[in-house]
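Positions in the sequence shown are counted from 1; adding 67 to them yields the working numbering. Beta carbons: idealized from backbone N, C-alpha and C, even for Gly.
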Amino acid sequence: MNILTNKNILLGITGSIAAYKAADIASRLTKEGCNVKVVMTKSSELFITETTLESLSGNKVISEDTNSSALSNFAHLDIAKWADIILVAPCTANFMNKLANGHGDGLLSTICLAYTKSLFIAPAMNPDMWNNKVTQASIKKLNDAEINIIGPNYGSHACGDIGYGRMTHPEEIIERIKDQSKTSQLSGCKILITAGPTREPIDPVRFMSNYSSGKMGYAIAMAAKAKGAYVELISGPVALNLIPDIKTTYVETSSEMYEAVKEKVPEYDMFISTAAIADYKPANYSDTKYKKNENNINIEFTRGIDILETISNKHKNLFTIGFAAETNSLNKNAKEKLKKKNLDIIVGNIANHQLKLGFESDYNEVIIFSNTNSKKFDHDKKSNIANSILDFISEEYSKKLNLVKKNAK
């Protein structure tokens, strides 16, 4: 038995060319042991037949044309109460904007408005429609309403355009629902994450930075979102795609990073600092470019603010996690930083270009310390390492919450 076995799942289908993929979703959910019912909008019937979906789900399809005598006067309420999970896939821009603004002008939209549990949508639309300011405003509303947005993915579209808007693959959609359905202490937790490097300007054309790609931080953000957390990301300059369903603020310098964190962190339960923030920065910025005819250039550097230590000391109730990239004495240095910076957890890794670990790599291996526990995660993809780190964080966060409750009695 898996986590979805015996779950009542309502699959909503809207009018997109991606509607044919709903057949695969219905088939996969049925094989997972789910009781699947399908509700189709009128426009979705242009892309896929009721007969196909009935054959794969084993249940009669409900549509706008379903004979009213076959449904109760409170069908939208009855179906909403029946469902353990609602998945709208594909979800068009039209339906997504309706949902975000509380419009209930059809059976599926009224069911969603009456629903109080886990609602998932898998958007599918043209890239320009996805990037439209109105759609992006709706995404923010849906995130604020804790509606789970899966994807969309980047790629080519039926119209020939390339960009975000492709519906996530059915297998990935179901895995996301499984992850979200797992009991996690992070469900509902508000997490602020920093990622990537900072750039400290030297003159108009030069800056000081480091090799951080931001890949680990972005993987942590996606893993936390999948575990039910509300995630906001503050990112330094990286060559990574925007994560569609995570609010992201871009900064460049360590000062900008600090100001963004300082402003946002009071609203959060947890702060995960994966960013590789400059320890030092030029004491004086040159308004003009340093010329090649200068044989020697002397640049004075000053110590920058330690954002993680400053935040952890100022916000005592905040659950704080830091990252330490070291070239030697990893365990010793990580433990010292854990104590010195008053952290709940620190994640240490060796930065090694020869072994293709850490900075710029898709792979990592880490050792993670709390004040009472430690665990090593061997060489693996950063996406897998991120999930393992989040599981460790979830356990330690649960312990701290239980201790706080115990001391409050």
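Can you pull the DSSP bridge partners for residue 447? 431
Using only CA atoms, which one of 257, 331, 303 lies nearest to residue 297? 257
Output needed for residue 117: all residues of its chain with C-beta closer than 6 Å, excluding positions within five of it in sequence on either side, in chain order. 128
Cβ neighbours of residue 368 in the same chain (closer than 7 Å, five flanking residues each side left out): 347, 348, 349, 350
Residue 415 bridges to which residues according to DSSP? 391, 434
Would you list the residues sitting across from residue 222 in a DSSP beta bridge? 230
Counting along the chain, where does the beta strand (DSSP E) carrying residue 75 start and finish? 75 to 80
How many Å lie between residue 76 and residue 295 at the Cα? 18 Å
Give me the residue from 180, 156, 163 with the minimum Cα distance to residue 189. 156
Would residue 450 and residue 286 qualify as a contact pair, given that the criterion is a beta-carbon distance under 9 Å? yes
Residue 465, buried or exposed, once every other Cβ within 10 Å from all chains shown has been counted against 16: exposed
Buried or exposed for residue 364, please, with buried defined as at least 16 other CB atoms from any protein chain shown within 10 angstroms of its CB. exposed
Does the separation of the CB atoms of residue 388 and residue 301 fall below 9 Å? no
Short of 7 Å in beta carbon distance, which residues of its chain neighbour residue 292, apart from the five on each side in sequence? Order them along the chain. 298, 312, 313
By alpha-carbon positions, which one of 167, 175, 183 ends up nearest to residue 151? 183
Give every residue of the same chain whose Cβ lies closer than 6 Å to the Cβ of residue 160, excluding the five residues on either side of it in the sequence, and list them in chain order. 192, 196, 202
Would you report the Cα separation of residue 280 and residue 319, rounded to the nearest angstrom? 13 Å
Kindly indicate which three-state DSSP category residue 370 falls into: helix, strand or coil? strand
Report the residue from 78, 439, 440 whose alpha carbon sits nearest the alpha carbon of residue 179. 78
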